[in-house]
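In what follows, a single structure is set out as C-alpha cells and then discussed.
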Amino acid sequence: MYFTRIEWKLVCENFYISGWFVCWYSRQALSSLDPTQQQQLLVAGSAVAVGGLLTCYYWVYQGTKTKRIPIGDGWWGAGEKPQSEDEKVFPFQVQTSDEEIQDLYDRIDRTRYTEPLEDTGFQYGFNSTYLKKVVSHWRHQFNWKKQIAILNKYPQFKTNIEGLDVHFIHVRPPHREGQRVLPLMLVHGWPGSVYEFYRILPLLTNSLDSLAFEVICPSIPGYGFSEAPHKQGFDTLAAARVFHKLMERLGFSDYYLQGGDWGAIITTNMAQMKPECVKGLHLNMLTNNMRGFGVLFSILIGRYLPWLVGFTREDVRRLFGSVGFMEKNIYEIIRETGYLHIQGTKPDSAGCGVNDSPVGLAAYILEKFSTWTDFNNRDLEDGGLERKFTLDDLLTNIMIYWTTGSIVSSMRFYKENLKTNIDNRLDNHTGVYVPTGLAAFPNEVRHVPQSWARDRFRNIYSYSYMPRGGHFTTCCSL
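Numbering (this note's numbering), first residue to last: 5 to 482.
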C-alpha cells in the first residue's frame with residue numbers, strides 16, 4: 005500500500021507533533037535522569053519535530069520515484085556490430101592441458117616472497133607466512149584436473165549476446181510428478197564466480213518437496229568463462245540487459261532472481277528494467293544511498309530512540325556496536341575499500357601484476373575471502389580462511405580467474421560503474437516494486453536496516469536477520 009501526497013502530509017504533521025511531545029515528556033516525566041540523558045532526549049525530540057517538517061516537504065513537494073528504467077541496447081564485441089547476430093546456444097566444458105599446468109608450476113616456483121612484520125596477522129593484507137602454506141598446497145596437493153571434473157559436473161553453455169560469448173550453467177531438476185518448477189537466476193560478484201553456487205545447486209534443483217528450481221548461473225561478462233567486453237562502458241545496467249536477453253533466449257518470460265555483491269546490483273537493475281518478468285527478487289547484500297535527511301536523522305536518533313526511526317535492537321547492535329556509527333560504518337569501510345579505489349580508477353595498472361603472478365593473484369583475492377567473512381579474521385595469522393572454506397574450493401575459484409586471464413577485465417567492472425557519479429544514475433532514483441526478500445548477514449561489510457531498504461525496495465516480503473555469515477554467503481563450504 006502506498007500513501008498519496010495528502011496522506012503523507014498528515015503523517016508528517018503527526019510526526020512533527022510527536023517530536024514536541026517527546027520534548028515535553030522529557031521535561032515532565034524524566035526529570036530524574038542526569039543532565040546528559042535529558043539533553044539527549046531533548047535533542048531527539050527537537051530533531052523529530054524538525055524531521056517531521058523536512059520529511060513532509062520531501063514527500064509532498066519532491067514527487068515520487070519512477071517505476072522502471074529504460075532497457076536500452078548495446079554492442080560490446082570487437083569491431084562494428086554485424087547486420088545479424090548468431091543466437092545459437094552451444095555446450096561448453098572447462099578444459100586444461102599439461103602445458104597450462106606446468107606453466108602455473110613454473111611461475112609458482114619462481115615466486116619471491118616478502119617476510120611479514122611481526123604480530124600483524126592479516127592487518128597488512130595476506131600474511132606471507134600463511135601464504136607459503138597455501139601455495140605449497142596449490143603446488144603439491146591441489147589437483148586442477150580433478151576440480152575441472154567437478155566444474156563440468158553441471159551442464160554449461162555459451163551464447164553470443166551483444167557481441168559477447170556469455171557463459172552460463174543451466175541445471176534442470178529431475179522430473180517429479182506434481183512438482184512445481186520455477187526458473188531462478190543466481191548472479192555472483194567480485195572476486196567470485198559461478199563456482200560459489202555449486203554447493204547449493206543440489207538443494208535447489210533436487211528437492212523432494214512440491215517445489216524445485218530450474219537454475220541458471222551466468223558468468224558476468226569479463227569474469228571467468230564469459231568473454232570480456234571490448235569497448236568501454238559495460239556496467240551493471242548493461243549486464244542486467246544481457247541477462248534478460250539470456251533468459252528470453254532460453255524461453256523464459258518470467259523468473260526469479262538472487263544476487264550478492266555486484267550480482268545484487270545487477271539483479272536489482274533487472275527488476276527495475278523489466279518488473280513484469282521478475283516474479284521475485286532475493287538479495288544477500290543490501291545497498292542504499294547513505295545521504296538525505298531520513299538516513300542522517302535515523303543515525304542521530306536511532307541509537308537512543310530506535311522505534312522512532314524503524315530500527316530494531318538488532319539494527320542498533322549491527323549499526324553502532326560498541327564503537328559507534330562512525331567507526332563501524334565510515335572508518336572501517338575506508339580501511340577496507342582501498343581495492344575499490346584502485347579498481348575504480350586504474351584497474352589495468354594494478355591488474356598487470358596479479359594477471360602475471362599466480363601467487364600475487366591468490367593473495368589479492370583470498371585476502372577478501374578472509375576479511376569479508378569476518379573482520380576479526382584480520383587479527384589471525386591464517387586469516388581464518390580454513391574455518392569456513394577448504395583450500396581446494398578457494399583455489400578452484402582462483403584457477404578460474406588464472407586460466408581465463410580474467411582478473412583485469414573483472415577489475416574493470418569497477419571502473420565502468422564508478423567513472424561517473426553513481427548517485428546520478430537513473431537506477432539510484434528508481435524504486436524496485438517486485439516482491440523482494442532481503443537477507444542481512446551479521447558480518448556483511450555494511451548493515452542496511454529494513455527502514456533504509458524501503459526507500460528503494462517498495463515491496464519487501466521478507467527481511468531476515470541471518471544468525472551467522474558474512475559477504476560470501478552462497479560460497480563453497482560456508
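Yeah, the Cβ is synthetic: ideal placement off N, Cα and C, and Gly gets one too.
Cβ-Cβ separation, residue j to residue i (assumed contact under 8 angstroms), whole Å
i, j, result
"residue 284", "residue 439", "5 angstroms"
"residue 230", "residue 168", "7 angstroms"
"residue 259", "residue 187", "4 angstroms"
"residue 153", "residue 292", "Actually they do not touch by this definition, with Cβ atoms about 42 angstroms apart."
"residue 333", "residue 450", "6 angstroms"
"residue 244", "residue 277", "6 angstroms"
"residue 527", "residue 396", "Look at the range of the chain in this structure, 5 to 482, and you will see that residue 527 is not part of it."
"residue 371", "residue 130", "4 angstroms"
"residue 234", "residue 81", "6 angstroms"
Residues that residue i bridges to, as DSSP identifies them
i, result
"residue 286", "262 and 441"
"residue 186", "217"
"residue 323", "According to DSSP, which records beta bridges pairwise, residue 323 is partnered with nothing at all."
"residue 160", "96 and 173"
"residue 204", "Paired residues: none, contrary to the question."
"residue 191", "263"
"residue 467", "442"
"residue 212", "Its beta-bridge partners do not exist; DSSP assigns none."
"residue 165", "168"
"residue 139", "For residue 139, which the question treats as bridged, DSSP gives no partner whatsoever."
"residue 222", "172"
"residue 461", "436"
8 angstroms Cβ cutoff met for residue i and residue j
i, j, result
"residue 158", "residue 205", "yes"
"residue 255", "residue 166", "no"
"residue 313", "residue 301", "yes"
"residue 266", "residue 476", "no"
"residue 215", "residue 183", "yes"
"residue 162", "residue 217", "no"
"residue 455", "residue 315", "yes"
"residue 132", "residue 119", "yes"
"residue 467", "residue 442", "yes"
"residue 342", "residue 323", "no"
"residue 378", "residue 474", "yes"
"residue 337", "residue 195", "no"
"residue 250", "residue 273", "no"
Residues near residue i in its chain [Cβ-Cβ closer than 7 angstroms; skip 5 each side]
i, result
"residue 384", "125 and 126"
"residue 198", "173, 192, 221, 223 and 228"
"residue 381", "126, 374, 375, 387 and 388"
"residue 400", "151 and 199"
"residue 404", "197, 199 and 228"
"residue 232", "225, 226, 410 and 413"
"residue 92", "163"
"residue 190", "201, 219, 221 and 262"
"residue 469", "318 and 444"
"residue 320", "306, 307 and 310"
"residue 355", "411, 412 and 415"
8 angstroms CB neighbourhood of residue i in its chain, flanking five on each side removed
i, result
"residue 65", "Because residue 65 sits at a pLDDT of 38, beneath the cut-off of 50, its placement in the model cannot be relied upon, and the point is left open."
"residue 357", "364"
"residue 112", "139, 142, 143, 362 and 363"
"residue 253", "91, 93, 163 and 165"
"residue 71", "279, 434, 435 and 437"
"residue 406", "108, 362 and 365"
"residue 110", "none"
Cut-off 6 angstroms between Cβ atoms - residues of its own chain near residue i, not counting five sequence neighbours on either side
i, result
"residue 15", "Low confidence applies to residue 15: its pLDDT is 41, below 50, so where it sits in the model is not reliable, and the reading given next is rough at best. So the list is empty, once near-sequence residues are dropped."
"residue 268", "287 and 289"
"residue 31", "Summary for residue 31: the model assigns pLDDT 45, below 50, so the residue's position carries little reliability; its value from the coordinates is reported in the next sentence. Once the five neighbours on either side are set aside, residue 31 has no close Cβ partner at all."
"residue 281", "258"
"residue 275", "282, 285, 436 and 438"
"residue 2", "In the structure displayed, the chain extends from 5 to 482; residue 2 sits before or after that span and is not available."
"residue 175", "158, 205, 209 and 219"
"residue 117", "132"
"residue 366", "402"
"residue 85", "79"
"residue 464", "440"
"residue 149", "none"
CB contact below 8 angstroms: residue i versus chain B
i, result
"residue 428", "Here chain B cannot be found, since the structure has a single protein chain."
Cβ-heavy atom distance, residue i to the ligand SAH, below 7 angstroms
i, result
"residue 375", "For the ligand SAH, the structure offers nothing, since it holds no ligand at all."
Contact between the stretch 402-421 and the stretch 443-450: three or more CB pairs below 8 angstroms? Touching, no.
For the pair the stretch 321-330 and the stretch 88-98, tell me if three or more CB-CB distances fall below 8 angstroms. Because the criterion of three Cβ pairs below 8 angstroms is not met, the stretch 321-330 and the stretch 88-98 do not touch.
Below 8 angstroms, how does it come out for the stretch 345-361 and the stretch 419-426: are there three or more Cβ pairs, yes or no? Output reads yes: the stretch 419-426 touches the stretch 345-361.
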